[in-house]
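When you read off a place in the sequence shown, starting at 1, and then add 7, the result is the number in the numbering used here.
Backbone N, C-alpha and C fix where the C-beta goes; we use that ideal spot for every residue, glycine too.
Down below is the structure, laid out as C-alpha cells.
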Amino acid sequence: MCLIFNWMLMANNFKKLWEEFIFQQNLTENQASQFKTYLSMFLEESEKINLTAITSVQGVISYHFVDSLEIKNFLDLNSIKSICDVGTGGGFPGIPIKILYPHLKLFLIEVNHKKVRFLQKVIQALNLENVEIIDLDWRTFLRKTTHKIDLFCARASLRPDELIRAFSPICHYKDSNIVYWAARGFEPDEKVLPFVEKQDEYKVENKRRKFVFLSNPT
8 MCLIFNWMLM ANNFKKLWEE FIFQQNLTEN QASQFKTYLS MFLEESEKIN LTAITSVQGV
68 ISYHFVDSLE IKNFLDLNSI KSICDVGTGG GFPGIPIKIL YPHLKLFLIE VNHKKVRFLQ
128 KVIQALNLEN VEIIDLDWRT FLRKTTHKID LFCARASLRP DELIRAFSPI CHYKDSNIVY
188 WAARGFEPDE KVLPFVEKQD EYKVENKRRK FVFLSNPT
C-alpha cells in the first residue's frame with residue numbers, strides 16, 4: 008500500500024503538501040509512517056464503502072488530518088489521559104490525535120459494522136495500543152457504560168443537543184468535558200447555550216471553523 012501511496016504522491020504533485028504536513032505537525036519518523044499508512048488504507052477503503060465525503064489526498068490531509076489535530080492549539084492534550092470519539096466514522100478526529108499523542112487511552116464509538124471493521128484493520132496496521140472500539144449508539148453508551156473518560160470529541164457526527172445528554176444528573180459522564188467541531192456560523196440554541204464554556208475559531212485551508220467547548224455548569 009505504501010508503494011502505491013508514494014507513487015500517487017509523486018504523480019499528483021502532493022509531495023510538497025505531505026512534507027509540509029510532516030513539518031507543521033512536527034511528526035516523528037514513526038508518526039509520519041503511521042499517517043502514511045492510514046491515508047493509504049483510508050483511500051483504498053473509500054473506494055469500497057462510504058467512509059466520508061472527502062476522498063482526495065489533499066482533502067484527507069487538510070480536512071481530516073489537519074482539522075482533527077487543530078484541537079492541540081486550544082487544549083493541552085499532554086495533560087489528558089483519555090478521550091472518546093463519538094461517531095468516529097473513518098476514525099476522525101480520534102486516530103490522528105492518538106497518533107500524535109500515543110499516551111492517550113482512546114475510545115471510538117461507531118455503530119456501522121463496515122466502518123468498525125475498517126477501524127480494526129487500521130488499529131492493527133498502525134500498532135496502536137490502548138484503543139477500544141465501542142459499537143453502541145450514543146444514548147445506549149451513556150446508559151450502559153462507566154468508562155473513565157476525560158474528554159469527548161464529536162466531529163461531523165452528533166449535534167450538541169444530543170451530546171449534552173452526557174450532562175444529565177444521573178449520567179456517569181456528567182462531569183466530563185466535550186469539544187464539538189463546528190462550522191464558523193454555528194450558534195448554540197437555548198438548550199445548548201448553558202453548557203457552552205467557550206468557543207474558539209480556527210481556519211483550515213480556506214474554511215473557517217470553530218471549536219465549541221461544552222461542560223456541566225453545576
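| Taking all protein chains shown into account, do 16 or more other C-beta atoms lie within 10 angstroms of the C-beta of E212, making it buried, or fewer, making it exposed? | Here residue 212 refers to the residue found at position 205 of the sequence shown. With fewer than 16 Cβ atoms within 10 Å of its Cβ, E212 is classed as exposed.
| message | Within 10 Å of its beta-carbon, does G192 have 16 or more other beta-carbons around it, so buried, or fewer, so exposed? | response | Translated into the one-based positions of the sequence shown, residue 192 becomes position 185. Exposed is the call here.
| field | Stretch-stretch touch, CB-based, cutoff 8 Å, three pairs: the segment 172 to 184 with the segment 98 to 106 | value | no
| said: Does L76 pass the burial test, meaning 16 or more other C-beta atoms within 10 Å, or should it be called exposed? | reply: The count along the sequence shown starts at 1 and reaches residue 76 at position 69. When all chains shown are included, L76 counts as buried.
| said: Please identify the residue among I61, L135, F28, V64 whose C-alpha is closest to the C-alpha of R108. | reply: Walking along the sequence shown from the start, residue 108 turns up at place 101. Before going further, note that residue 108 is Tyr rather than Arg in the sequence given. Measuring from the Cα of Y108, the nearest candidate turns out to be L135.
| said: Please tell me whether D196 has its Cβ less than 8 Å away from any Cβ of chain D. | reply: Given the protein chain composition of this structure (a single chain), no chain D is represented.
| message | So, with DSSP's three-state summary, where would you put A161? | response | To locate residue 161, count along the sequence shown from 1; it is residue 154. Note: A161 maps to strand in three-state DSSP.
| request: Tell me, please, whether the segment 81 to 93 touches the segment 154 to 166 by the rule of three or more beta-carbon pairs shorter than 8 Å. | output: yes
| Helix or strand or just coil, what does DSSP make of Q32? | Reading the sequence shown from its first residue, position 25 is the one you call residue 32. Note: Q32 maps to coil in three-state DSSP.
| request: Classify H4 as buried or exposed, calling it buried when 16 or more other Cβ atoms lie within 10 Å of its own Cβ. | output: The displayed coordinates of the chain run from 8 to 225. Any statement about residue 4 would go beyond what the structure contains.
| Residue range of the unbroken beta strand (DSSP E) whose run includes F220 | If you number the sequence shown from 1, residue 220 lands on position 213. Per DSSP, F220 belongs to the beta strand (DSSP E) from 214 to 222.
| field | Where the alpha helix (DSSP H) through D168 begins and ends | value | Numbered from its first residue, the sequence shown carries residue 168 at position 161. Note, D168: alpha helix (DSSP H), 167 to 170.
| said: According to DSSP, simplified to helix, strand and coil, what is S2? | reply: Outside the modelled stretch of the chain, which goes from 8 to 225, sits residue 2, for which no answer is possible.
| Can you list the beta strand (DSSP E) stretches of 3 or more residues lying completely in the segment 37 to 105, in chain order? | 89 to 93
| said: Rounded to the nearest angstrom, what separates S63 and K43 at their Cα positions? | reply: Residue 63 sits at position 56 when you count from the first residue of the sequence shown. Residue 43 sits at position 36 when you count from the first residue of the sequence shown. Going by the C-alpha atoms only, they are around 14 Å apart.
| Extent of the continuous beta strand (DSSP E) run through K181 | Start at 1 with the first residue of the sequence shown, and residue 181 comes out as number 174. Here K181 belongs to no beta strand (DSSP E), and DSSP marks it neither H nor E.
| Cβ distance (whole Å) where L111 is taken to contact I140 below 8 Å | Along the sequence shown, read from residue 1 onward, the residue named residue 111 stands at position 104. Along the sequence shown, read from residue 1 onward, the residue named residue 140 stands at position 133. Not confirmed; about 15 Å, so no contact.
| Quick one: what's got a C-beta closer than 6 Å to A132's C-beta in the same chain, skipping five residues either side? | As a first step, residue 132 is located in the sequence shown; it is residue number 125 there, counting from the start. For A132, where only same-chain residues beyond five positions count, the Cβ hits under 6 Å are T44.
| query | What are the start and end residues of the beta strand (DSSP E) that includes V203? | reply | Here residue 203 refers to the residue found at position 196 when the sequence shown is read from its first residue. Counting along the chain, the beta strand (DSSP E) containing V203 begins and ends at 203 to 211.
| Option in E197, Y70, F148 with minimal Cα separation from A163 | Indexing the sequence shown from 1 puts residue 163 at position 156. Nearest option by C-alpha distance: Y70.
| message | Between the alpha carbons of N227 and F30, how many angstroms are there, rounded? | response | Any answer about residue 227 is impossible in this case: the structure gives the chain only from 8 up to 225.
| said: Within a Cβ cutoff of 8 Å, which residues of the same chain sit near V123, ignoring the five residues on either side of it in sequence? | reply: Sequence index remark: in the sequence shown, residue 123 carries index 116 (1-based). Closer than 8 Å at Cβ, skipping near neighbours: E117, I140, D142.
| C-beta atoms of V67 and L46 nearer than 8 Å | As a first step, residue 67 must be located in the sequence shown, where it is residue number 60. As a first step, residue 46 must be located in the sequence shown, where it is residue number 39. Yes; because the gap between Cβ atoms is below 8 Å, this pair is in contact.
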